[in-house]
Structures are given as C-alpha cells and as structure tokens.
Amino acid sequence: MLSASFRFKVVKVSRTMSTLFRLYIAPKYGPLFSRIEFDDKRPETFDTIVALLPYFPNLTEASLSLEGFVKLLPERGSTNRLGWRDLEKHAPVGMGRLLASLVRLDTNVSAEGDLRRISSTSRNLRSLRLMDSLSTISGQGLVDIVAALPLLAELGLPKDWPLTSLAEAADAATSRTLPRLTLYQGPVYPDLIQSLAFPGTFASSLRHMKIELIRPLSNATDEEPAYPDGVHFPHVRSLTFTTVHEGGVRALCGISSARFPSLASLRVESLGFANPYLYDHRPIATYLQSNFSFPGTLRHVQLWSDDEALRLNALDDIADDFDFPGVTVSTNPIEPFVDAAFLAASWIRRDVQDDWDVDMCRTGAAVDRTINFLNDWHRRSADEDDDGEYARLAVVLQRAELERVAMLG
C-alpha cells in the first residue's frame, strides 16, 4: 500500500478507459488519488470519468482544459449528459461535488463566462492558476472572479495577459474586498507603473512573487525603469524574476531592499546564463550590490537557465561575481564534464583563427587539470592492477576520441 500511495496520485482522464482502471484501480485505489487532469477531448471518456468520480473522494486538485472539459459540457444537461446547469446546482452526480472540494485549480479556459461558472462552484479554492491567453477576460472580470473566492491565497496569471487588462484590474480592485493573497505570479511590461499596480493591491499580504518581463526595456541606459510611487512589498520573502531579454536582467525591474525590505531569496531565470561566451553575469551582480546591503535580509541568489545545463566555467564566474557576505549562490545543474573548454573547443579554434581574444589561460588550465586527472586515474589503476578501472578509463578515452588523437598524432 505504501508504494501504491506514491504511484496513484494523479488521475489522467485519457488513461481511464481501460477495463483494468475501471474495474480494479478506481474501486481499490481511488481514495489515494488527489489530483485529476482533464486531458482527453472525447465525450465518451468524459462520461466515463463522471461515472467513476464517486471512487475518488479525496480529489483536491484539478487541471481543467478547454477541449477536455468546457467544450464537453452543453448549456443544459439531458437524461444521459451532464450540463453546465448541473454544476451550478451541485447536482449529486459527482462533478459538482468535485469542483466544490477543489483547493487548487489549473486551467487554460479563456472565456470569462466559463471561468465565472467554474469559480462560482469552486468556492473553496486556495490556488488558481490561469495558464493560457486571457484576451477575452477583462480586468474587471478577473477581479470579480478573485473576489468570489474568499479563501484564495495563490493567483497565477498567464504571461501574455495584456498590460491594459492589468491596469483595468488594478482600478477595479480599489473598490472591492479581495482575499489576502500570499503568492502572485504574472507578467510585467516595461511600463512598471501599470504592471505592478495590480499585485500592489495585495502588497500587505504577499509573501512570494513570480514575475516575467515580456518585452525588452525601451531605453538602453543603465537607469532603472519608472517604478510606481508608494508600491512596496514589505513582506515578500522570495521573488522569481524571468526574462529572455538582457536588458531586463540588467534592470531587474527596480528590485531593491527599499521596495522589498524582507526579501531573503531571489531567483533570476534567463536563457543566457548557461553560456558565458554569450552572456555576462556581472551586470546582475553589480545591480544587486548597488541596491542591497550585505550582509542583510537577502541570503540566497539563484541563477537559472531552462534551455541548457550550466557550463563549469560559467559556475566559476558566478562564484567570483556573487561573492557577497552572508549570501549563498546556486544554479541549475552543471554539465557533467571536467571543463567546458572541451565542449567549446571548436569555438576556441575558430576564434583563434579569426584573431579574436581568447582566454587561453583558462583553456590551458582546463587541459592541464584534465590530463592530470587522467594520469592520476591511470596511476591508480596500474598500482592496484585493477582491470575494471582500466576498462572504465578506456571507455572514457574512447568517448573523448583521445585514442584517435594518439594514433593519428
């Protein structure tokens, strides 16, 4: 049963049509599942999961898709089909009870009317993440939905929600009683005044923020972009800032100890961090050094790149640039090689041929470290007369093509 509790966590509707699932897994292990994902757009699959829902009394999380949920619900139900009215009336067919029991909801539903219907039934939500384009949802509509969820603590907006809608939501929020959010995730634009006005509505309660810069900053200077007057986030302890634009990383959207006096953890995500030949980390370090005191509340900085693993010499640069008292620095995993000089060897040869400046001291040191490492490995294998170590060393040399180099000269 212990292994089953780890295995049976998520119900994917697309996998519920088998006889094994319907007759064995659902009746026996249904109470172990805590999340359901409507990832199948076939009406017969939807009808099957509706019939099986009584076997899953402990579902508290859901992912509702447009194709796999909303489009399969007619306006009115019939003798053999569930409809929107059945959800609104909490009809005892299982689906109404499911929505009423949810505490976390992820959805790509984009129509304002559909979201209003879902939220009116899911009054116990603590977390709402809107994942897709919300071009049809107004700022006023979003505020109405949030206001109808008194227990909501986490709100995630899609990264392409328009700036005009953010501004409209900020205006609408001033006249409404809204829940006290502790986590906000949403886009920011170069116009920070309008971008941050809406999350600023929850400034007194927010503890965590995740923001993503959508467009590059228009100015090319080192000046900070205009920041909304009076907007501070006094209790935010962790902040994630994402951008694909170097200028966005440079400015960091006005993040400072004055505006985030309790900030303890900062995570900066950018596509360029993994390659030190294409990106320089020093502007970020310089910005933090200018806007934060060390030691202070900021204790952890994380640099993250989703596109590729960090190279070892990038890690060396980061350790040097972010040597702040009282601050630990971490990154996403590095590549499992002795040094990135070998992965970038073709680049180095090309740069030398083109008369570019190349850090040959670093490259030479990397080669020396690797040769010394291989020599030590060979010496241990010989001293211990270990055939297994010899075999492993041979595989390493073969993969590195060092045998071919030795043979051909």
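In the working numbering, the protein residues as written are 2 to 410.
Beta carbons are placed, not taken as given, at the ideal position from N, Cα and C, and that holds for glycine.
Subject >> Which residues DSSP lists as bridging R130, in chain order >> reply: D107, G157
*asked:* Measuring only the C-alpha atoms, how far is T108 from A315?
replied: 37 Å
Next on the checklist: Quick check: the Cα distance between N333 and R16, rounded to an integer number of angstroms?
Outcome noted: 33 Å
**Asked** Where does G414 sit, in a helix, a strand or coil, going by DSSP?
**Response** Nothing can be reported for residue 414: it is not among the residues displayed for the chain, which extend from 2 to 410.
field: Candidates Q303, R208, H282, P326: closest to G297 by CA position
entry: If we check each option's Cα against that of G297, P326 comes out closest.
Look at the Cβ atom of L207, then the Cβ atom of L182, and state whether they are nearer than 9 Å. Judged by their CB atoms, L207 and L182 are nearer to each other than the 9 Å cut-off.
Notebook entry, point to check: Quick one: Cα of V397 to Cα of D307, how far?
Noted result: Taken atom to atom, the span from the alpha-carbon of V397 to that of D307 is near 28 Å.
* Asked: Which partner residues does K211 have in the DSSP bridge list?
  -> Q186, T241
Q | Option nearest A174 by Cα separation, candidates I146, L193, W162 | A | I146
From R351 to W305, what distance separates their C-alpha atoms? Because the pLDDT of R351 is 48, which lies under 50, any placement of that residue in the model is unreliable, and the number read from its coordinates should be weighed accordingly. Roughly 28 Å between the two C-alpha positions.
What separation, rounded to the nearest whole angstrom, lies between the Cα atoms of I349 and I372? Here I349 scores only 47 on pLDDT, less than 50, and its place in the model should not be relied on; the value that follows carries that caveat. Taking the straight line from one Cα to the other gives about 19 Å.
Should T241 and I212 be called a contact, given that it needs their Cβ atoms to be closer than 9 Å?
-> yes
TODO: Helix, strand or coil for V232, going by three-state DSSP, please let me know.
DONE: coil
message = Going by DSSP in three states, A341 sits in which element: helix, strand or coil?
response = Note that A341 scores 48 on pLDDT, short of 50, meaning its location in the model is unreliable and no value can be drawn from it.
R98 versus V237 - alpha carbon distance
35 Å
Review point. Ordered along the chain, which non-local residues of its own chain (more than five positions away) have a Cβ less than 6 Å from that of V71?
Key: Once the five neighbours on either side are set aside, the close Cβ partners of V71 are V110, D115.
| said: I'd like to check one pair, G255 with L193: are the Cβ atoms closer than 9 Å? | reply: yes
* To do: With DSSP as the reference, label D352 as helix, strand or coil.
  => Low per-residue confidence applies at D352: pLDDT is 47, beneath 50, and the placement is therefore not dependable enough to give any value.
Own chain residues within Cβ distance below 8 Å of L179, not counting five before or after
Excluding positions up to five away in sequence, the list reads V144, V147, A148, T202, F203.
TODO: Return the first residue and the last residue of the alpha helix (DSSP H) that R29 is part of.
DONE: Reading off the sequence, residue 29 comes out as Lys, not Arg. From DSSP, the alpha helix (DSSP H) with K29 extends over 27-30.
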